[in-house]
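Just so it is clear: in the sequence shown, position 51 is 50 by numbering that gives the first Met the number 0, and no numbers are missing.
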Amino acid sequence: MLQVQQLHQYYSGSHILRGLSFEAKVGEVTCLLGRNGVGKTTLLKCLMGLIPAREGSVNWEGKPITGLKPHQRVQAGIAYVPQGRDIFGRLTVEENLLMGLSRFSAREAREVPGFIYELFP
Numbered sequence: 000m001l002q003v004q005q006l007h008q009y010y011s012g013s014h015i016l017r018g019l020s021f022e023a024k025v026g027e028v029t030c031l032l033g034r035n036g037v038g039k040t041t042l043l044k045c046l047m048g049l050i051p052a053r054e055g056s057v058n059w060e061g062k063p064i065t066g067l068k069p070h071q072r073v074q075a076g077i078a079y080v081p082q083g084r085d086i087f088g089r090l091t092v093e094e095n096l097l098m099g100l101s102r103f104s105a106r107e108a109r110e111v112p113g114f115i116y117e118l119f120p
């Protein structure tokens with residue numbers, strides 16, 4: 000379960016995230032909606048550790064991750080898929096997909112599982 004408590008973030012003096020709190024439970028769908036500029040991407044970047052939260056806490060599976068670096072969060076099982084074309088343009092489709100396997104051991108991450116190609120033909 001993902002727990003966010005009293006998360007605050009600012010951009011150039013603008014208070015973007017104002018005490019945001021929520022829980023996303025295993026087996027449930029959680030949807031984040033809002034117009035442009037209200038903090039959806041900021042929240043996702045805070046969850047991934049790409050930008051540090053000014054205040055508040057983030058727990059993943061009951062453990063605090065607020066102070067963890069992005070790669071540590073990936074190893075814990077959290078991932079961020081950016082909107083648009085934020086892929087590695089010089090890599091093939093398969094190489095981009097293999098990047099997503101980096102959190103697994105070398106034995107487990109040898110190749111993209113076949114069902115992935117069915118999801119993304």
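We put the beta carbon where it would ideally sit given N, CA and C, even for glycine.
Closer than 8 Å by C-beta to residue i: which residues in its own chain qualify, once you throw out the five before and the five after it? Chain order, please.
i	result
SER11	none
ILE115	LEU96
GLN5	GLY18, LEU19, SER20, GLU54, GLY55, SER56
LEU90	MET98
From the DSSP output, read off the bridge partner residues of residue i.
i	result
ALA23	LEU1
TYR79	Answer by DSSP bridge pairing: none, since TYR79 is not bridged.
ARG17	HIS7
PRO63	ASN58
Could you pull the start and end residues of the beta strand (DSSP E) that residue i belongs to?
i	result
ASN95	No beta strand (DSSP E) holds ASN95; the alpha helix (DSSP H) holding it covers 92-98.
GLU54	54-59
Going by C-alpha distance, which of the options is nearest residue i?
i	options	result
GLU110	LEU118, GLU117, GLY26, GLU93	GLU93
VAL25	ILE15, VAL37, LEU16, GLN2	GLN2
ARG102	TYR79, TYR9, LEU90	TYR79
PRO81	GLU107, LEU118, GLY99, GLU60	GLY99
ALA122	TRP59, TYR9, LEU32, ASN58	Nothing about residue 122 can be read from this structure; the chain reaches only from 0 to 120.
GLY76	ILE64, PHE87, LEU90	ILE64
HIS14	LEU31, GLU27, GLY36	GLY36
GLU27	ARG34, GLY33, MET0	MET0
Going by DSSP, what residue range makes up the alpha helix (DSSP H) through residue i?
i	result
PRO69	69-75
TYR116	113-118
THR29	Careful: THR29 lies outside any alpha helix (DSSP H) and carries neither H nor E.
THR40	39-47
Kindly list the residues whose CB is nearer than 7 Å to the CB of residue i, restricted to its own chain and excluding five residues on each side of it in sequence; keep chain order.
i	result
LYS123	Look at the range of the chain in this structure, 0 to 120, and you will see that residue 123 is not part of it.
Output needed for residue i: all residues of its chain with C-beta closer than 6 Å, excluding positions within five of it in sequence on either side, in chain order.
i	result
THR29	ALA23
LEU31	LYS39
VAL73	ARG102
ILE50	LYS44
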